[in-house]
Amino acid sequence: MELLEINNMVVEFPSRHGVFTAVDDVSLTVAEGEIVGLVGESGAGKSTVGNAVMGLLQSPGHMPSGEIWLHGERIDQLSPSDMRSIRGKRIGMIFQDPMTSLNPIETIEYQLVETIQTHLDVGTSEARRRAVDLLDQVGIPDPANRIKQYPHQFSGGMRQRVVIALALCVEPELIIADEPTTALDVTIQAQILELIKDLCKSRKLGVILVTHDMGVIAETTDRVAVMYRGRLIEMGETDQVINAPQQPYTRSLIAAVPPSNKKINRFPKVAIEESDGNALQNFDLKGHWLGRGDAFDTTVENLLEVRDLQKRFIVKSSILPRNRVYMDAIKGIDFDVRSGETFGLVGESGSGKSTVARVITGIYPDDGGSMRFAGHDLTGASGKDDARAGRQNIQMIFQDPYSSLNGRMKISSIVAEPMIVNKLTDTAEERHQIVTDLLELVGLGKDAAKKYPHEFSGGQRQRISIARALATRPRFLICDEPTSALDVSIQAQILNLLKDLQEQLRLTLLFISHDLPVIRQMCDRVGVMRHGDLVEVADTEALFEYPQHSYTQTLIGQMPKFAK
Amino acid sequence: MDSVKRAFDSDLAWSFRHSPVAILSATVALLLILAAVCAPLIAPYNPFDPASLNLMNGFSRPMEPNAFTGDSFLLGTDDQGRDVLSTILYGMRISLFVGFAAVVFAMIIGVVAGLVAAYAGGRVDAIIMRIADVQLTFPSILVAMLIFGIAKGFTPVHLRDQMAIWVLIISIGLSDWVQFARVVRGAALVEKSKEYVEAAILIGRGPIAIIFRHILPNVLSPVLVIATISLALAIIAEATLSFLGVGAPPTRPSLGTLIRIGQGYLFSGEWWILLFPSLTLLLLALSVNLLGDWLRDALNPKLGD
Amino acid sequence: MIRKVTIAAQAALLASTGLVSAETLNWARAGDSLTLDPHAQNEGPTHALAHQIYEPLLIRDMTGQMVPALATEWGPNADDPNVWTFKLREGVTYHDGAAFDSEDVLFSLERAQSEDSDMKELLNSIKEVRAPDASTIEIETDGPNPILANNLTNLFIMDKGWAEANDVVKVQDFEGGEETFASRNANGTGPYKLTSRAPDSLTELEAFDGYWGKGEFPLEITKIKYTPIKNAATRVAALLSGEVDFIQDVPVQDLGRVDADENLKVIKAPQNRVIFFGLNLGDDDLTTDDVEGANPFADKRVRQAMNMAINREAIMKVVMRDQSIPAGVAMPPFVNGWTEALDTIPSNDIEAAKALVAEAGYGDGFTVTLHCPNDRYINDEAICQAAVGMMAQIGITVNLDAKPKAQHFPQINNLETDFYMLGWGVPTYDSEYIFNFLVHTKTENRGSWNGTRYSNPDIDAKIVSLASETDLAKRDATIAEIWAAVQDEILYLPIHHQVLNWGMSNKVETVVDPEDVPKFKYFTLN
Amino acid sequence: MISYIVKRALQSVLVLLAVGFVAFGMFRFIGDPIDNMLGQERTDADIERLREILGLNDPFLVQYWNFLKGALQGDMGVSFRQGRPALDIILDRLPATLELAMVSATFAMVVGIFLGIYTAINRKGPITNFILTTSLIGVSLPTFLIGILLIYLFAVELKWLPSFGRGDVVPVGDWWTTGLLTASGLKSLILPAITLGLYQMTLIMRLVRSEMSEVLRQDYIRFARARGLKERAINFRHAVKNTLIPVITVAGLQIGSIIAFSIITETVFQWPGVGLLFIDSVQFVDIPVMASYLMMISVMFVGINFIVDMAYLAIDPRLRGGKGGN
């Protein structure tokens with residue numbers, strides 16, 4: 001008998017636009033001691049499966065047909081109170097974001113003891129003892145003391161361990177882990193996945209691991225189910241699915257995953273039903289407005305030279321300077337970006353890599369050091385003429401496509417605004433033409449101009465973002481995690497687009513990412529940042545193959561390996 | 001046409017069409033506003049023309065002929081012989097004008113202050129918000145009374161009658177701007193941290209353009225909600241100030257002044273002088289409040305179920 | 001202060017535990033007494049409370065008649081009209097048991113003439129006060145003063161010994177913010193003694209066992225609880241719900257309701273107060289009008305027209321609900337000098353009035369501002385509003401500026417208004433009082449309430465002469481002459497005489513005091 | 001922590017100075033107290049003499065300076081009307097207002113929080129809709145009208161409750177009097193407390209409702225459900241506690257505005273508190289009392305703000321500082 005058996009599950013969300021079928025006829029089994037991956041892109045319905053098993057579908061979602069069996073007992077038709085006694089006790093769940101999964105104003109102890117006592121008839125001291133044990137098992141040092149602390153006193157990884165302890169505290173048979181490591185840095189991710197694997201084996205747990213990350217699937221799961229638009233496309237042993245996918249969707253999905261072990265020129269074209277955008281149009285950019293622009297010296301070897309760059313933020317302000325407390329975000333780093341190359345900056349969250357981008361662009365003023373960009377001095381107040389002239393040739397593409405476009409402006413205005421502000425065009429007609437061309441160039445039709453951002457998907461928005469950046473005819477483009485909010489298939493398209501644009505427009509790129517495989521695909525040279533220091537700079541292949549600095553070694557060692 | 005269709009298809013319009021309360025309250029509010037605007041056209045009398053009044057018509061009961069003059073009035077007359085229906089229509093005009101103008105005034109100050117505080121941050125932010133704190137220290141009624149007092153002192157005697165309305169507007173507006181400022185500041189801080197603002201800096205936009213072209217349109221939703229609720233509040237504040245004797249002059253009464261006059265006749269049996277203006281005020285404020293309520297829920301999709 | 005509140009609260013506690021006897025009277029009116037020091041404030045509610053506790057030499061009874069109080073006989077000496085002799089009542093004691101004698105009168109009159117006293121203006125004709133024996137007082141004035149007695153009806157007598165023992169020989173400097181023992185405590189000879197007081201909140205009085213007038217007056221009320229209730233609606237509600245037994249200042253519109261209540265009644269009487277409008281007829285140009293370079297009010301025809309435009313009948317019927325007496329002269333009917341002829345109301349002839357305005361050259365009308373109090377007189381604001389409509393009918397556009405009395409009256413005194421409402425009470429019951437304040441040219445010592453800018457040296461001389469004229473017939477003739485001039489000039493536009501209304505439970509029996517001062521010793525209970 | 005408190009205290013002083021200046025400045029224009037202080041029989045010479053005594057002829061800044069000097073020593077001047085120190089008068093009246101405010105605030109908080117929780121948990125349904133709509137009626141009528149209508153109904157027509165005043169009060173300690181210990185005192189409190197608290201109750205109810213709806217959508221609530229916790233524990237322990245933290249701020253400020261708004265309620269119900277005193281003073285142009293009142297209101301606001309901040313610190317572990325190990 002399987003631990004969990006899902007038969008023909010259908011989940012529907014009625015809305016004013018009609019009934020949305022989030023899960024469509026999905027059948028799945030999980031055995032004891034087995035980790036089953038549930039993989040798919042956003043909107044695939046993978047999380048909904050997990051919620052449906054828990055009986056925690058968000059209103060107005062419901063399950064009109066299908067069966068869920070837990071150890072031979074049908075659980076999808078239980079009363080709310082019966083279902084409640086199964087939740088936590090027989091099925092545990094781990095959420096994506098450890099920062100928000102814990103009640104911020106209760107101690108860890110309270111939350112553990114409360115959960116234990118809800119399901120088990122034990123005294124408070126016994127519950128406490130179990131709680132301390134659990135924390136010990138999930139790898140929290142000094143559990144007897146730390147149990148008295150509040151969630152905010154734990155780091156992200158530690159918090160996720162606490163979440164796991166909470167999910168495990170009444171020894172459930174099945175764990176549903178919904179993107180348990182997505183919010184975590186790569187080094188922490190590896191530890192948490194290791195913990196889940198250990199617990200699964202040692203306790204004979206069944207685990208459903210819901211994730212969008214093929215790397216995590218490859219490293220962790222025994223079997224994998226691939227979902228697309230509510231349907232289960234393919235299911236099988238993990239090795240087999242990754243190396244010999246049967247279905248076209250699975251194939252294109254896997255093809256879009258940046259391989260961690262080698263650099264490829266372009267990602268293969270994804271063969272799903274519809275594309276996020278059209279392929280790059282072929283313009284004769286030589287004669288085009290985009291190709292003209294100011295006479296700009298592109299012959300210098302180092303387009304950008306950064307020396308001893310420093311940036312610090314005030315953590316605690318005070319009228320008296322001596323009472324102020326600062327956080328050093330960039331602690332004096334040196335690097336060069338050569339003309340025409342793609343220079344990567346990689347690091348975990350908080351390493352200061354995004355701050356570097358914002359200091360170069362002048363969004364944040366620097367606190368020391370020098371930045372020379374094609375002969376212009378970028379340091380000092382961004383209002384200085386020299387810096388301003390230099391920065392006209394620097395543009396940036398942002399991480400979050402949902403916040404990087406002003407939702408109240410039409411696409412035409414968004415793309416035209418840089419030209420208006422910098423007076424780059426003479427007539428409205430010319431501007432209109434350029435907007436149309438730019439939208440075509442990034443693979444959106446000219447009809448896009450009349451629409452508003454909310455009418456576009458994340459990938460399309462990122463294309464709009466690129467069009468806007470190009471509208472100042474920049475020579476230097478900073479990409480700050482441009483694809484980390486995107487699904488992997490879309491990511492592949494955007495990365496392809498960036499590569500194409502770089503070639504055609506002879507752009508120099510500063511590419512910032514936490515994602516090592518993406519860095520490996522995109523960059524010529526890479527700098528590794530940690531706590532505001534640049535610990536290592538090397539050619540990409542050299543860095544991945546022969547990392548010098550111990551931190552780089554750890555980073556590369558712990559990145560999920562995904563290779564076909 | 002395109003934008004009309006877009007507006008009609010929007011979530012807001014959809015939510016409106018599916019909320020009977022919103023439809024009803026919008027209808028009532030619109031009807032009342034329309035009636036107020038068209039008062040000179042639909043009111044049977046002009047109560048603001050003192051020459052047309054006959055004191056002997058005073059205290060006529062609704063739909064009963066007056067004991068002295070034999071005239072009959074649908075909703076009766078007040079102590080000055082003014083037709084209550086006409087007076088309500090004209091009074092509502094004043095109340096609505098005061099309400100709208102006060103809200104616009106508060107909105108302009110509050111939105112600008114909130115935006116500047118949020119965008120500039122640091123010392124500017126601290127100073128603006130400290131001023132807001134001081135303003136909050138003065139309860140709104142008190143602020144209005146003080147401004148009223150001060151303005152009366154400064155206004156030339158023969159202009160006071162006309163000034164009263166503007167003083168009301170300023171005093172209600174001044175006591176109301178803080179909540180606009182706070183909400184806008186909060187919303188603008190969120191917007192400011194969004195990447196489109198950084199993008200605007202990068203393409204060379206100056207602070208003024210960023211504040212007003214980029215951030216402002218994105219913080220208008222909460223402003224709209226506050227403005228709606230403030231409108232109801234302002235209308236009620238006007239009534240309260242009139243009760244305290246610092247409102248619209250009795251010769252050109254607002255709804256609040258009418259209620260103040262009417263409350264003196266509650267025990268004496270002339271209930272209609274109090275009842276009809278009160279009901280009008282209730283309908284007006286309630287419908288605006290209900291609209292504001294709906295708007296708040298509709299514009300905050302997170303709370304939608 | 002702390003101790004006082006405690007006493008008040010303890011008294012309240014006692015009251016709440018059922019010791020209230022059937023003779024308790026719960027009394028409410030709009031305002032509270034300002035101080036218990038009887039000489040510190042010359043003001044209505046202050047005197048009203050003092051009249052229960054303290055006594056003057058003579059008082060006006062509830063019908064306005066001057067009757068003996070601490071003096072039994074008085075009058076100017078036959079041989080010397082400059083000296084008045086007062087025979088004092090014997091066997092009178094204060095609430096603390098001390099005996100009353102002429103020393104106390106001597107002391108009290110001196111005290112009332114001192115710098116900080118608010119009563120001194122009433123006594124400024126007094127040259128010397130003597131006490132020939134323990135039961136006689138002689139007052140010498142600086143010239144014959146025919147109405148000296150009238151000025152003494154609110155002049156309360158204090159115990160010299162008590163004042164000295166408690167260090168209150170000096171009058172409380174009210175304006176200077178002084179607080180004295182006497183401002184919070186009282187020891188009089190009156191029918192009621194103070195048991196507790198929380199200003200603006202609750203004052204309690206109890207019948208004084210040793211009162212000299214026992215047997216002479218009904219004195220049926222043994223306890224008085226006095227609560228000021230400012231809001232008229234609340235005050236009426238309190239009466240309607242039976243929480244108070246007796247209220248002053250019943251809004252005219254609520255009289256019907258109170259009267260209709262089977263447990264309540266309203267009694268009324270003409271009040272010693274006339275309401276009128278004043279006009280700036282003296283200035284060359286008005287500040288609040290729209291006529292450039294001329295003063296329309298300076299033209300008698302305009303004033304005449306305005307006087308005719310006022311429909312006093314309608315104001316009485318609708319605004320005052322019959323609770324007023326239309327007036328033709330700015331003088332209450334009680335006052336010496338009043339005649340029916342003077343008080344004839346002008347005809348309400350709009351056409352004739354319009355013609356007069358046209359004749360004066362203002363046929364196209366003009367605009368002016370009317371200043372009005374909204375918390376002083378009965379329905380003051382509504383009367384002004386009605387006047388706005390009436391003036392509109394003869395082409396005068398009136399902007400109404402109604403506001404609290406604290407802001408209204410300074411405008412009259414600072415000559416900042418051209419058209420204003422004023423009410424006038426005459427505590428001396430003599431026309432001279434009116435002339436002094438309202439008719440005489442505005443100077444340092446006279447004419448201080450004359451906002452009309454009217455100035456006539458002849459009239460001024462006549463007014464001054466009244467003070468020392470001992471021949472009452474001649475004096476009355478002069479009064480009549482002055483009134484004739486005032487009426488002819490249409491110095492004021494009279495509206496009406498106010499009517500006083502007292503609302504009370506059926507168990508209370510009294511008549512209305514024309515000065516609005518209830519004297520509870522006269523009250524009887526059913 | 002200490003520097004935070006010092007900073008707040010400094011800010012408070014600045015706020016008070018500003019309030020004092022504004023208040024004092026404004027009062028100059030409200031009216032002239034002289035005419036009320038002198039009787040009908042006063043001459044222009046009297047007026048001039050009194051103006052001199054009161055210092056009303058001094059330049060504005062001199063008057064403000066004298067006012068501040070006095071205020072620092074607890075001397076807010078002497079009431080023009082009652083001839084007693086203004087501060088004493090205020091303190092005399094304060095218990096009545098505070099008692100009314102406290103009862104109103106308690107009413108507003110208890111009922112508001114209860115209804116807020118109810119309507120947040122049951123987001124739809126006839127009862128919720130009824131509560132939400134009727135509560136709006138309460139805020140769509142001016143307070144004074146509600147008060148008058150309550151008096152009309154419960155005091156005049158039904159004669160159940162008193163229409164004015166505090167009823168009987170008993171002393172507690174040296175300077176406090178309370179109506180909470182007598183039957184008539186309690187009865188007298190009901191109508192004014194409801195009138196005064198109604199608006200705040202609606203406000204708190206709506207705030208609790210929206211905050212709690214927000215909290216109920218949080219991951220930790222979903223996670224609590226996923227652990228099988230009972231609905232009651234989730235709603236009342238996890239959700240309510242997290243809801244109440246932001247509510248404290250607003251509720252604290254509401255107490256301040258209840259005290260201020262008592263002006264109207266006290267006028268309608270003739271409640272012998274500072275609000276009524278203030279209205280009387282405005283009409284009498286009793287500047288020292290007005291100024292004292294305003295300063296007192298400011299001190300209270302500032303004080304309440306401070307207490308709310310401290311309460312926040314005490315309740316929310318996230319603000320208590322101290323990042324734990326790791």
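Residue numbers (UniProt numbering), protein chains in the order written: chain A, 1 to 564; chain B, 1 to 305; chain C, 1 to 526; chain D, 1 to 326.
Ideal Cβ placement from N, Cα and C applies to all residues, glycine included.
Predicted, not measured: the structure shown is a model, and the values here were computed from it.
Using a Cβ-Cβ distance cut-off of 9 Å, determine whether residue i contacts chain D.
i, result
"asparagine 289(B)", "yes"
"glutamine 248(C)", "no"
"leucine 34(C)", "yes"
"arginine 144(A)", "At residue 144(A) the sequence reads alanine, which differs from the arginine that was named. No, alanine 144(A) lies away from the interface with chain D (no Cβ there is under 9 Å from its Cβ)."
"isoleucine 229(C)", "yes"
"phenylalanine 95(A)", "yes"
For a cutoff of 9 Å on Cβ pairs, would you count residue i as touching chain B?
i, result
"alanine 374(A)", "no"
"isoleucine 315(C)", "yes"
"isoleucine 264(D)", "yes"
Between residue i and the rest of its own chain, which residues show a CB-CB distance below 6 Å, the 5 nearest in sequence each way excluded?
i, result
"proline 296(C)", "Val302, Tyr362 and Phe366"
"serine 281(D)", "Val289 and Met290"
What is the C-beta distance between residue i and residue j, in whole angstroms, given that I count them as a contact (C-beta under 8 Å)?
i, j, result
"leucine 145(D)", "serine 287(B)", "Rounded, the Cβ-Cβ distance is 17 Å, inconsistent with contact."
"glycine 447(C)", "leucine 415(C)", "Incorrect: roughly 11 Å between the Cβ atoms, too far for contact."
If you drop the 5 nearest sequence neighbours on each side, which residues of the same chain put their C-beta closer than 7 Å to that of residue i?
i, result
"leucine 438(A)", "Val415, Ala467, Leu470 and Ala471"
"residue 310(B)", "Within the shown structure, residues of chain B are numbered from 1 to 305, placing residue 310(B) beyond reach of any answer."
"serine 254(B)", "Gly91, Ile94, Ser95, Val98, Glu238, Ser242, Gly247 and Ala248"
Within 9 Å of any Cβ in chain A, is that where the Cβ of residue i sits?
i, result
"proline 217(B)", "yes"
Quick one: which chain F residues come within Cβ less than 8 Å of residue i?
i, result
"phenylalanine 114(D)", "Any reference to chain F falls outside this structure, whose protein chains are A, B, C and D."
Do you know how far the Cα of residue j is from the Cα of residue i?
i, j, result
"methionine 396(A)", "isoleucine 203(B)", "9 Å"
"alanine 39(B)", "aspartate 176(B)", "28 Å"
"glycine 256(C)", "leucine 85(B)", "25 Å"
"valine 223(B)", "glutamate 191(B)", "14 Å"
"leucine 146(B)", "arginine 463(A)", "57 Å"
Discussion item. So, does the region 193-206 of chain D touch the region 260-277 of chain D, judging by three or more C-beta pairs under 8 Å?
Written reply: yes
Worksheet item: Hey, is the region 227-234 of chain A in contact with the region 22-33 of chain A, meaning 3+ C-beta pairs nearer than 8 Å?
Response: yes
Discussion item. Could you check whether the region 516-526 of chain C touches the region 452-472 of chain C, counting it as contact only if at least three pairs of C-beta atoms, one from each stretch, sit closer than 8 Å?
Written reply: no
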